[in-house]
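Notes follow the structure.
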Amino acid sequence: MAELDYAFVADYAKVERSGTLTVVGASYTQVTVSRLPAAHLMSIAGRVRSRVDAGPVSLTVTIKPPLTDQFVVVFTMDLTPEPDARPYGDGRLGLLFAITTGLPLDHEGVYTIDLELEGSHARTLMFEVIKS
Numbered sequence: 176m177a178e179l180d181y182a183f184v185a186d187y188a189k190v191e192r193s194g195t196l197t198v199v200g201a202s203y204t205q206v207t208v209s210r211l212p213a214a215h216l217m218s219i220a221g222r223v224r225s226r227v228d229a230g231p232v233s234l235t236v237t238i239k240p241p242l243t244d245q246f247v248v249v250f251t252m253d254l255t256p257e258p259d260a261r262p263y264g265d266g267r268l269g270l271l272f273a274i275t276t277g278l279p280l281d282h283e284g285v286y287t288i289d290l291e292l293e294g295s296h297a298r299t300l301m302f303e304v305i306k307s
């Protein structure tokens with residue numbers, strides 16, 4: 176069974192060919208803007224731990240704004256091991272992911288990011304938008 180090792184929001188994240196993550200501005204909890212609406216470029220990244228003999232792992236990321244009548248952004252992907260992936264420990268693999276998106280910020284408040292693995296809730300990330 177796949178498990179989420181870690182996940183975070185960042186200003187920028189990219190999965191490198193070397194099997195590592197390049198990340199800038201990770202783990203923020205606030206976004207301050209001078210006016211609303213605003214556009215916000217962000218990344219969501221992390222690592223899923225899976226078994227070598229397991230198939231692809233389904234990951235769904237849902238971004239929800241503070242008001243329920245607003246948009247919801249959903250990303251769905253299958254994480255598969257690279258051909259040259261290096262197992263570690265007891266037949267485990269680390270499956271890295273990075274999603275970058277432009278997010279419209281229409282209101283102040285807490286934006287929620289839910290991550291699901293294989294249809295089960297794995298983690299909730301949050302950040303707050305504050306107008307200065």
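Counting the sequence shown from 1 gives a position; our numbering is that position plus 175.
From the three backbone atoms N, C-alpha and C, an ideal C-beta is built for every residue, glycine too.
Just so it is clear, the structure is predicted and the values come from calculations on it, not from any experiment.
Cβ pair residue i, residue j closer than 7 Å
i	j	result
Ala188	Ala220	yes
Ala177	Ser218	no
Phe272	Leu254	yes
Ile238	Val248	yes
Leu234	His282	no
His215	Leu278	yes
Ile274	Phe302	no
Local Cβ density within 10 Å of residue i, reported as buried at 16 or more and exposed below that
i	result
Ile305	exposed
Ser193	exposed
Phe246	exposed
Tyr203	exposed
Tyr263	exposed
Val199	exposed
Leu128	Any answer about residue 128 is impossible in this case: the structure gives the chain only from 176 up to 307.
Chain-order list of residues whose beta-carbon lies under 8 Å from that of residue i (same chain, five-residue window excluded)
i	result
Ser307	Thr207, Val208, Ser209
Gly266	Arg226, Val227, Asp228
Glu191	Thr197
Pro256	Ser225, Val227, Leu268, Leu270
Contacting residues, own chain, Cβ-Cβ under 6 Å from residue i (five flanking each side not counted)
i	result
Pro240	Tyr286
Ser225	Ala177, Val232, Leu268, Leu270
8 Å contact criterion, which residue i and residue j should meet: CB distance rounded
i	j	result
Asp180	Gly269	7 Å
Ile288	Thr299	7 Å
Neighbourhood of residue i by C-beta distance below 7 Å, restricted to the same chain and skipping five residues each side
i	result
Ala213	Leu280
Ala297	Leu179, Leu290, Glu291
Contact test: residue i Cβ vs the ligand PLP heavy atom, cutoff 6 Å
i	result
Thr237	By its list of ligands, the structure shown contains no ligand whatsoever, and the ligand PLP lies outside what it can speak to.
> Which ranges does the beta strand (DSSP E) cover as unbroken runs of at least 3 residues, wholly within the segment 231 to 286, from first to last along the chain?
Replying inline: Counting whole runs of 3 or more residues, the segment 231 to 286 contains the beta strand (DSSP E) stretches 232 to 239, 248 to 254, 267 to 280.
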